[in-house]
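In mature numbering (1 follows the signal peptide of the UniProt record, and there is no 0), the protein residues as written are -24 to -1, 1 to 351. Idealized CB from N, CA, C, for every residue including glycine. Bear in mind that the values here come from a model prediction, so they are computed numbers and not experimental data. Have a look at the structure below before the remarks.
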Amino acid sequence: MPRFYPKRCLAGLLLLFLAYAVYRNFAQLEERVHVNIDHLKGLAPSFHSVDAEHPDKELVIATRSTDDDTSWVYALGGDWQWKVYAADQLGDVPVDKGLENIVYLSYIIDNYNHLPEIVVFTHGKRYEWFHDDPIYDIVPVLDNLRFPHVFSTGYVPLRCTWTPGCPAEIFPRSPISKGPAVRKLAEKHYARAWSTIFPDQPVPAVVGATSSSQFAVTRERIKSRKLEEYQRMRRWLYDTRLKDHVSAKIMEYMWHIIMQMPSVYCPPADKCYCNVFGHCNITCSLGNCEGRYFLPPQADVPQDWPNLGGGKDGWPVPGWNKGKGEPKTGDKKESVEEKIENDKADHDDGKKKIPVAVQGEWKPEAQEDQHSSGS
């Protein structure tokens, strides 16, 4: 019959207890260390990169769906970091409202205390009619972006051509019933949205900026507004009964103001292309430069573009910019550009010329009240 050794059993139990206690204390210590590290990440001070050509930067991509193809990010040169948000993915955004704007605001709110030096906000598709590139490709737009200029300016739109949006797009104090339905509704409700988003600032008479809500901005410029202000903007998107395209249109012509630019911010096209993208010494008018952008006749890029669709239905033939003059487009449908110009002509009917702003400053002959009546 085996002998029983109570002292040995007691020693074994004590050893097991001590091992468990050590393990538990270590696990708790590890948990506390991780919590403290995460907390310190949010409190880390911000420093400018020594090399402004290669800043700490992040690309925020707003897609409509998790099915959208964003593989184009791998074609980018340089050392980009990126985050892809899908508006239909509630883990990415709290609610699917306001199109890309709910993504932009959610990113700013969630990362306010640990932003990179530069944030670039874009839509999700590689080819879109509003990408400021001869074949509407976002990749060369981002590859050519000059970060020292972003640092010096604080806020830079990714579009230089003036049509649509400049020199004046929205007349909040005197809305009209002309133009596309979305523009009319955005103009009608702009002043009320402004009063919610900027409760202590007067509603501007005129708002103008290059279109499409894609821009680069510095951390300092984002943080020039308090976190509570961005939360108030997102709350407005939550609460508004306006349809998404209307609320998005309002935000489209508010982002430059949110980032502390004047209500009319329309840099001359030649300076913009040179400073922002390095396209210098090209022939330009005030709002457009030769060979840089052609406004297509419709919003939907042809299927399999740019391999197919060029020269049809008003779309330019890829490579058109290597020659001079107008692009070859084949049979042309009614031009979106003509529609936009006709809409602006409605404003000018019987009135003075729309005021022009250069780098956000009014020219001497321009007066804000030029559209104060009947527009």
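Residue i bridges to which residues according to DSSP?
i, result
"Asp113", "Tyr103"
"Glu228", "In DSSP, Glu228 forms no bridge with anything."
"Glu34", "Gln57 and Val95"
"Val132", "Ala192"
"Thr39", "Ala62"
"Ile146", "Val183"
Answer with buried or exposed for residue i, where buried requires no fewer than 16 other C-beta atoms within 10 angstroms of its C-beta.
i, result
"Asp113", "buried"
"Arg159", "buried"
"Pro133", "buried"
"Pro243", "buried"
"Arg268", "buried"
"Asp186", "Correcting the residue identity first, residue 186 is Thr in this sequence and not Asp. Under this definition Thr186 is a buried residue."
"Tyr50", "exposed"
"Cys256", "exposed"
"Arg217", "exposed"
"Asp215", "exposed"
"Gly67", "exposed"
"Asn283", "exposed"
"Leu121", "buried"
Under 8 Å by Cβ, that's how I've got residue i and residue j pegged, so tell me the actual separation to the nearest angstrom.
i, j, result
"Lys59", "Glu34", "7 Å"
"Leu118", "Tyr206", "That belief does not hold up - the Cβ atoms of Leu118 and Tyr206 are roughly 24 Å apart, past 8 Å."
"residue 352", "Pro148", "Nothing can be reported for residue 352, as the shown portion of the chain is limited to -24 through 351."
"Trp105", "Asn264", "Their Cβ separation, rounded to whole angstroms, is 15 Å, which puts Trp105 and Asn264 out of contact at 8 Å."
"Ser261", "Trp231", "About 25 Å separates the two Cβ atoms, so there is no contact after all."
"Pro294", "Ile111", "5 Å"
"Thr194", "Phe253", "Not confirmed; about 18 Å, so no contact."
"Ala63", "Thr39", "7 Å"
"Val240", "Val183", "7 Å"
Go through its chain and collect everything with a Cβ distance to residue i's Cβ below 7 Å, but skip five positions before and after it.
i, result
"Cys248", "Cys136"
"residue 354", "Not covered by the structure: residue 354. The range shown for the chain is -24 to 351."
"Lys164", "Pro151"
"Thr172", "Trp212"
"His107", "Asp113, Ile114 and Val117"
"His24", "Its pLDDT being 45, under 50, His24 is placed unreliably by the model, and the measurement read from it follows with that caveat. Answer for His24: Glu93, listed in chain order."
Leaving aside the five residues before and after residue i along the sequence, list all residues of the same chain whose C-beta is less than 6 Å from its C-beta, in chain order.
i, result
"Met227", "Asn77"
"Tyr166", "Ile146, Pro148 and Ile226"
"Arg210", "Leu81"
"Gly130", "Thr194 and Arg197"
"Ser200", "Gln236"
"Gly141", "Ala185, Thr186 and Ser187"
"Lys329", "The predicted position of Lys329 is uncertain, since its pLDDT is 40 and thus under 50; a value taken from the coordinates is nonetheless stated next. Excluding residues within five positions, none has a Cβ falling inside 6 Å."
"Trp281", "Tyr103"
Near residue i, which residues of its chain fall below 8 Å by C-beta distance, leaving aside the five closest residues on each side in sequence?
i, result
"Gly285", "Val277, Pro278, Gln279 and Trp291"
"Val222", "Val158, Leu161, Ala162 and His165"
"Ile94", "Pro31, Asp32, Lys33, Glu34, Phe123, Val126, Phe127, Ala192, Val193, Thr194 and Arg195"
"Val36", "Trp58, Lys59, Tyr61, Val79, Tyr80, Tyr83, Val95, Val96, Phe97 and Thr98"
Quiz item: Unbroken beta strand (DSSP E) runs of length 3 or more, entirely within the segment 161 to 196: which are they?
Solution: 191 to 194
Self-check item: Whole runs of the alpha helix (DSSP H) within the segment 241 to 298, excluding any shorter than 4 residues
Solution: Listed in chain order, they are 245 to 248.
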